[in-house]
Amino acid sequence: MLRGRLDIATRSRIAGWAQDDHRPHQPVALLIIDNDDLLDRVVANQHRADLAAGGIGDGRHGFDVRIEGGLPGLGQHLIRVVRERDGAELAASPALIAPAGAFDAHETSLLQSLLDGIASPAGIDGAIVALSAQIDRLTARRGAVRPAARRALVIDTTMPARGRDAGSNAILSHVESLLRLGFAVSFVAADGAPPPPDGPPIDWRCSPVNRSVEEVLTREAGAFDIVYLHRLDAAACYMPLVRLHQPRARVIYSVADLHHLRLARRGFVEREAALVERARKVRETELAVAGAADIVLTHSTAEAAILRRCVGTARVIVSPWAVTPGKPRRSAPFDTIGFIGHFGHAPNLAAARRLMFDIMPRLLAANPAITCLIAGSDMPPAMRLWAAPGVELLGAVDDLAGFFARLTVSVAPMSYGAGIKGKLLDSLAAGVPCVATPVAIEGLQWPEALAGCVATDDDGLAAAVLALCDDPKAYRKAVAAGRAMIMQDWSATGVDAALRLAAGG
C-alpha cells in the first residue's frame with residue numbers, strides 16, 4: 009500500500025512525501041504529471057523532520073521539486089503525483105492550480121530575462137515584431153470577451169479630474185449616465201495619464217497597456233456601439249479613424265463649448281484681428297466635425313441654436329451635466345465676494361483681472377470692509393504677483409464647498425467666452441448667489457428672479473453685488489432661485505434623458 013501526500017502544488021514548487029508499506033525503507037519512485045504530460049520523475053528520499061518525529065520510517069521519504077521558471081503559461085494546471093511502478097496516486101492528488109489572474113511579477117521577470125539576452129539590432133527588431141504580434145493576439149482575445157451590455161468608448165484629449173474644470177465635471181457626469189443606461193464604458197485620453205482616483209468604475213484605458221487612442225481604435229476595430237468624442241481637439245483628430253475602424257458605431261460629438269465663438273469674442277474685446285481670423289478657421293473645423301458626427305451634444309441652449317442652423321435640428325441635443333446642490337446654508341458670511349475658475353482658460357484669467365482691478369475699487373469705495381477671494385487651478389506665475397487692496401489670491405482649492413462657504417456672493421465678470429460656466433453653477437448649487445455678465449449666463453435658463461444679478465459694465469456689476477449684500481430679503485430670494493434652477497435643469501435625470509436620446513434610445 010502506498011502512503012503519503014501531495015502537500016504543496018504551485019507554479020514553482022511541488023512537494024510531499026511517499027512510503028511503500030511493504031518496503032518501508034526503500035525509496036519510492038514517483039512521476040509528476042502536469043495536464044496529462046510527464047513533468048518530472050523524482051525519488052522520495054529527502055529527509056523531513058516532521059516525518060521522523062511522526063514515526064514514519066527514518067524520515068527519508070520526502071520529495072521537493074523546484075520548477076525553474078515556473079510552470080509554462082498562465083493557464084490551468086492539473087498536477088498528479090503517482091507511483092512509477094503501478095500508477096498508484098498519492099493522497100491530495102490531483103491538485104488543481106487555477107489560471108493566473110494576471111501577468112504577475114514572476115512572469116514579468118522571466119520575460120525581462122529573455123529579452124535582456126538579445127543584443128544585436130536585428131535580434132531586437134525581431135523581438136519587437138514578435139511582441140507586437142502577441143500584443144495583437146491579446147488585444148483580439150480581449151475584444152472577443154464581449155460584455156452582454158452595449159459598449160461605449162469615450163475619447164478625450166486629457167484625463168478628467170473631478171472639480172478641476174467644467175469639462176472634467178461634464179464628461180465624468182456623462183460617463184456615469186452611460187453606466188446607468190446599461191453601457192459597458194471604456195475611456196481613453198490622448199495624454200495617457202492615469203485615471204482619476206474618484207472616477208466611476210469603468211474600463212480606463214491608459215499607458216502602458218494602451219499607448220494611444222489610435223491603438224485602441226485600430227486594435228479593437230468594430231468593437232464599440234458608441235464612440236463619444238469630447239471637445240473639438242479630440243473630435244477633429246480622431247473622427248476619421250473612428251469612422252474607418254468603428255464603422256457601425258454611433259458617433260457622438262460633445263462640443264463642450266464653441267471655440268470659434270469664444271475666439272471671435274476675445275478678438276473683438278482685445279481688438280486683435282488675428283484672433284478674429286483664427287476664429288473663422290476654427291469655425292470651419294468645428295462645423296465640419298459636427299457635420300461628420302451622428303449626434304452633436306451641447307450644454308448651452310444658445311450654442312444649440314447656432315449648431316442647429318448649421319447641421320440640422322434633429323442631430324443637436326442639449327445635455328446638462330449633473331450638479332449636486334449642497335445643504336442650504338443657515339447663514340451667510342458678510343461682505344465677502346469671490347471668483348473661482350480654471351486659469352488655463354483665457355476668459356477666466358481676464359475675468360479675474362477685471363474683478364480685481366476694475367470692480368473691487370468700486371466696491372471698496374462704497375464698502376471698505378468688503379473682501380475678495382480669487383481661487384482656481386493652473387494659476388500662472390505672473391498672476392500670483394498681482395496685488396490689490398482687499399483681494400486675496402488663494403490658488404487651487406481642494407475643498408470647493410469650503411470655498412463657497414466663505415462667500416456672500418460670487419462674481420462672474422466674463423467679458424468674453426462661450427459655453428456654460430461650471431463654477432457659476434457650482435456657486436448656485438452651494439447656495440451662493442452669483443452676479444454675472446450676460447456672457448457668463450449665456451445658454452442657461454436664467455430665472456427671472458435673478459435678473460437683478462446680471463449687468464454688463466463694471467458699475468452695474470458692483471451695484472448688483474452691493475444690493476445683495478445690503479438686502480437680506482433679496483439675498484434669500486436669489487439663493488432660492490439659484491438652487492431651484494440647479495435642481496430643475498442640472499440633474500442626473502436630465503443627463504440620462506439627453507444621453508438616452510443621443511445613444512439612440
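Numbering (the numbering used here), first residue to last: 9 to 513.
No residue lacks a Cβ here, since even glycine has one placed at the ideal position from N, Cα and C.
Spatial neighbours of Ala330 in its chain, beta-carbon cut-off 6 Å, leaving aside the 5 residues before and after: Ser181, Ala500, Val503
Three-state class that DSSP yields for Ser121 in the structure shown: helix
Stretch-stretch touch, CB-based, cutoff 8 Å, three pairs: the region 288 to 304 with the region 436 to 446: no
Nearest-angstrom Cα separation, counted from Thr165 out to Phe365: 34 Å
Residues that Asp45 bridges to, as DSSP identifies them: Asp42
Segments assigned beta strand (DSSP E), at least 3 residues, entirely inside the region 286 to 339: 303 to 306, 324 to 326
Boundaries of the beta strand (DSSP E) in which Phe232 is found, first to last residue: Phe232 -> no beta strand (DSSP E), and no H or E assigned at all.
Beta-carbon proximity of Tyr246 to Ala301, cut-off 9 Å: no
Same chain, Cβ closer than 6 Å to Met422, neighbours up to 5 away in sequence not counted: Pro355, Ala359, Thr445, Val447, Ala448
Which listed residue (Leu315, Ala17, Leu363, Val263) has its alpha carbon closest to that of Asp241: Val263
Tyr424 in three-state terms, based on DSSP: coil
Distance, Lys485 Cα to Val405 Cα: 28 Å
Segment limits, beta strand (DSSP E) that includes Arg68: 68 to 74
Contact under 9 Å by Cβ, Ile179 with Val162: yes
Exposed unless 16 or more other CB atoms sit within 10 angstroms - verdict on Ala390: exposed
Candidates Met9, Gln34, Gly70, of which the one nearest Ile22 by Cα: Gly70
Ala413 versus Gly490: straight-line alpha-carbon distance, rounded: 16 Å
Bridge partners - Leu381, DSSP secondary structure assignment: Gly346, Glu400
Counterpart residues of Ile87 in DSSP-defined beta bridges: Asp42, Ala103
Same chain only: Cβ atoms within 6 Å of Arg68, ignoring 5 sequence neighbours per side: Asn53, His55
Distance CB(Gly12)-CB(Val50) smaller than 9 Å: no
Assigned secondary structure, Glu97 (DSSP; H/G/I helix, E/B strand, else coil): strand
Whole-angstrom distance between Gln84 and Lys335, CA atom to CA atom: 54 Å
Classification of Gly470 by the beta-carbon crowding that lies within 10 angstroms, buried from 16 upward: For clarity, residue 470 is Ala in the given sequence; the question names Gly instead. Buried, by the Cβ-count rule.
Among Leu266, Leu371, Gln27, nearest to Gly175 - alpha-carbon criterion: Leu266
With 16 other Cβ atoms within 10 Å as the buried cut-off, status of His30: exposed
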